[in-house]
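Engineer: Whatever position you read off the sequence shown (first residue = 1), add 29 for my numbering.
Backbone N, C-alpha and C define an ideal beta-carbon position, used for all residues, glycine too.
Quick one: the structure is below, questions incoming.
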Amino acid sequence: MKLDMHFHSNYSPDSITLPKTALKIAKKNGLTLAVTEHNITSSWPVFKKLSKELGVEVIFGEEIKVMEEGKCVGEIVGLFLKEFVKPAPAAEVFEAVHAQAGLAMVVHPFDIFRHDFRNLEQSAKKIDLLEAFNSRTVLDSHNKKAFEFAQKNKLPMTANSDSHSPNEIGMAYSQVEANTLEEARRELIKGHAKLVTRKSPIAVHLTTQLAKMNLIKDE
Ligand SMILES: [Zn+2]
Numbered sequence: 030m031k032l033d034m035h036f037h038s039n040y041s042p043d044s045i046t047l048p049k050t051a052l053k054i055a056k057k058n059g060l061t062l063a064v065t066e067h068n069i070t071s072s073w074p075v076f077k078k079l080s081k082e083l084g085v086e087v088i089f090g091e092e093i094k095v096m097e098e099g100k101c102v103g104e105i106v107g108l109f110l111k112e113f114v115k116p117a118p119a120a121e122v123f124e125a126v127h128a129q130a131g132l133a134m135v136v137h138p139f140d141i142f143r144h145d146f147r148n149l150e151q152s153a154k155k156i157d158l159l160e161a162f163n164s165r166t167v168l169d170s171h172n173k174k175a176f177e178f179a180q181k182n183k184l185p186m187t188a189n190s191d192s193h194s195p196n197e198i199g200m201a202y203s204q205v206e207a208n209t210l211e212e213a214r215r216e217l218i219k220g221h222a223k224l225v226t227r228k229s230p231i232a233v234h235l236t237t238q239l240a241k242m243n244l245i246k247d248e
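Here it is in structure tokens:
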């Protein structure tokens with residue numbers, strides 16, 4: 030199975046991808062997407078319905094802000110979630126994800142342009158998966174640091190597109206030997222994923238800015 034577990038639809042204000050477009054692309058390319066909007070889960074019902082209609086599985090998740098003293102100091106993607114998790118200090122986010130049997134994946138932890146993770150060492154024991162490659166991370170050194178942190182702390186790694194537009198879907202993904210999502214989950218936490226890593230062209234960040242201003246959309 031090919032899993033791209035960090036993806037935003039147009040329910041996230043900085044993405045333009047329609048849910049239907051995303052799932053059609055996923056189906057065509059044999060990808061399983063995790064829906065991980067920024068601090069909301071309002072796209073889940075739409076994805077649930079479309080996933081049935083199109084016959085493609087979806088992992089339900091959310092990209093959750095880690096907050097300290099009113100500032101965002103990192104982001105955690107909760108995967109296999111059943112309900113919304115609100116932005117909170119790291120310990121609380123990990124607890125909320127684990128309380129609903131979800132997996133906590135720390136994303137782009139060293140990307141100083143996108144909420145690098147404060148005091149990551151302190152959270153190491155609570156991390157289920159570490160995003161060692163993010164297609165949207167501009168500087169290779171930031172991805173490299175994530176990879177090295179995962180290695181040093183023996184954390185299972187993933188690679189994801191963090192897609193905000195249709196062309197980015199599946200730019201990076203984690204491949205596991207599995208037939209079901211349950212098996213995939215087991216393989217992931219054993220650290221058995223093979224990472225397929227491709228960087229998105231730098232222009233995707235312009236797309237994000239334009240999407241925020243509502244200047245472009247997915248047809
Ligand atoms: Zn994201």
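#1: Please check the pair ALA240 and ILE45, which I expect to be a contact at CB under 8 Å, by giving their CB distance rounded to whole angstroms.
#2: So, ASP43 versus HIS137, is the Cβ gap smaller than 8 Å?
#3: Under 8 Å between the Cβ atoms of SER164 and ARG227?
#4: Within 7 Å: the Cβ of THR65 and any heavy atom of ligand 1?
#5: Which residues mark the beginning and the end of the alpha helix (DSSP H) in which ASN172 is found?
#6: By DSSP's criteria, ALA117 is part of a beta bridge. Which residues make up the other side?
#7: Would you mind working out which of SER229, GLY107, VAL102 and SER38 sits nearest LEU149, comparing C-alpha positions?
#8: Please name the residue, chosen from ASP247, ILE105, LEU83 and VAL126, that lies closest to ASN196 on a Cα-to-Cα basis.
#9: For the alpha helix (DSSP H) containing PHE76, name the first residue and the last one.
#10: Who are the Cβ neighbours of GLU86 in its own chain at under 7 Å, not counting the five residues just before and after it?
#11: Is ASP33 a contact residue of ligand 1, with contact defined as CB to any heavy atom under 7 Å?
#12: For LYS49, I'd like the list of residues in its chain whose CB is within less than 7 Å of its CB, leaving aside the five on either flank, ordered along the chain.
#13: Between the region 123 to 134 and the region 150 to 159, do three or more beta carbon pairs fall short of 8 Å?
#14: Grouping DSSP H, G and I as helix and E and B as strand, with all else coil, what is LYS223?
#15: Check whether the region 199 to 217 touches the region 173 to 191, taking contact to mean three or more Cβ pairs, one atom from each stretch, closer than 8 Å.
#16: When you compare only the Cα positions, how much space is there between ILE69 and VAL95?
#17: Give the straight-line distance between the Cα atoms of LYS111 and ALA175, rounded to the nearest whole angstrom.
#18: Give a single yes or no on whether ASP191 has its beta carbon closer than 7 Å to a heavy atom of ligand 1.
#19: How would you label ASN208, buried or exposed, when you count the other beta carbons within 10 angstroms and need 16 or more for buried?
#20: Cutting at 6 Å between CB atoms, please list the residues of its own chain near SER229, excluding the five before and the five after it.
#21: So the alpha helix (DSSP H) GLU86 belongs to, where does it begin and stop?
#22: Taking the alpha helix (DSSP H) that LEU62 falls in, what are its first and last residues?
#23: Where do the ends of the beta strand (DSSP E) carrying SER203 lie?
Structural biologist: This is what the structure gives:
#1: In the sequence shown, residue 240 corresponds to position 211, counting from 1. In the sequence shown, residue 45 corresponds to position 16, counting from 1. Confirmed, Cβ separation roughly 5 Å.
#2: Within the sequence shown, residue 43 is the residue found at index 14, counting from 1. Within the sequence shown, residue 137 is the residue found at index 108, counting from 1. Between ASP43 and HIS137, the C-beta gap is not smaller than 8 Å, which leaves the two residues out of contact.
#3: The residue you call residue 164 lines up with position 135 of the sequence shown. The residue you call residue 227 lines up with position 198 of the sequence shown. Against a cut-off of 8 Å, the Cβ pair of ARG227 and SER164 comes out as a contact.
#4: The sequence position of residue 65 within the sequence shown is 36, counting from 1. When distances are taken from the beta-carbon of THR65 to the heavy atoms of ligand 1, the shortest one is below 7 Å.
#5: Translated into positions along the sequence shown, residue 172 becomes position 143. Start and end: 169 to 181.
#6: Residue 117 sits at position 88 when you count from the first residue of the sequence shown. Its beta-bridge partners are VAL95.
#7: Locating residue 149 in the sequence shown gives position 120, counting from the first residue. The candidate whose alpha carbon is nearest that of LEU149 is VAL102.
#8: Residue numbering aside, residue 196 sits at position 167 when the sequence shown is read from its first letter. Closest in alpha carbon position to ASN196, among ASP247, ILE105, LEU83 and VAL126, is ASP247.
#9: The residue labelled residue 76 in the question sits at position 47 within the sequence shown. Counting along the chain, the alpha helix (DSSP H) containing PHE76 begins and ends at 73 to 83.
#10: Taking the sequence shown and counting its residues from 1, the one referred to as residue 86 is at position 57. So the qualifying residues of the chain are THR61, SER80 and LEU210.
#11: Residue numbering aside, residue 33 sits at position 4 when the sequence shown is read from its first letter. Not one heavy atom of ligand 1 is found less than 7 Å from the C-beta of ASP33.
#12: Looking up residue 49 in the sequence shown gives position 20. Hits under 7 Å: LEU79.
#13: yes
#14: Locating residue 223 in the sequence shown gives position 194, counting from the first residue. Note: LYS223 maps to strand in three-state DSSP.
#15: yes
#16: The residue given as residue 69 occupies position 40 in the sequence shown. The residue given as residue 95 occupies position 66 in the sequence shown. When rounded, the separation of the alpha-carbon atoms in ILE69 and VAL95 is 14 Å.
#17: Walking along the sequence shown from the start, residue 111 turns up at place 82. Walking along the sequence shown from the start, residue 175 turns up at place 146. Near 28 Å, if we compare the C-alpha coordinates of ALA175 and LYS111.
#18: If you number the sequence shown from 1, residue 191 lands on position 162. It does: the Cβ of ASP191 is within 7 Å (strictly closer) of some heavy atom of ligand 1.
#19: Residue 208 sits at position 179 when you count from the first residue of the sequence shown. Exposed is the call here.
#20: As a first step, residue 229 is located in the sequence shown; it is residue number 200 there, counting from the start. Cβ neighbours of SER229 beyond the five flanking positions: SER164, ARG165, GLU197 and MET200.
#21: The count along the sequence shown starts at 1 and reaches residue 86 at position 57. That residue, GLU86, is in no alpha helix (DSSP H); it is neither H nor E in DSSP.
#22: Taking the first residue of the sequence shown as 1, we reach residue 62 at position 33. From DSSP, LEU62 is part of no alpha helix (DSSP H) but of the beta strand (DSSP E) over 60 to 64.
#23: By one-based count along the sequence shown, residue 203 stands at place 174. Residues 202 to 204.
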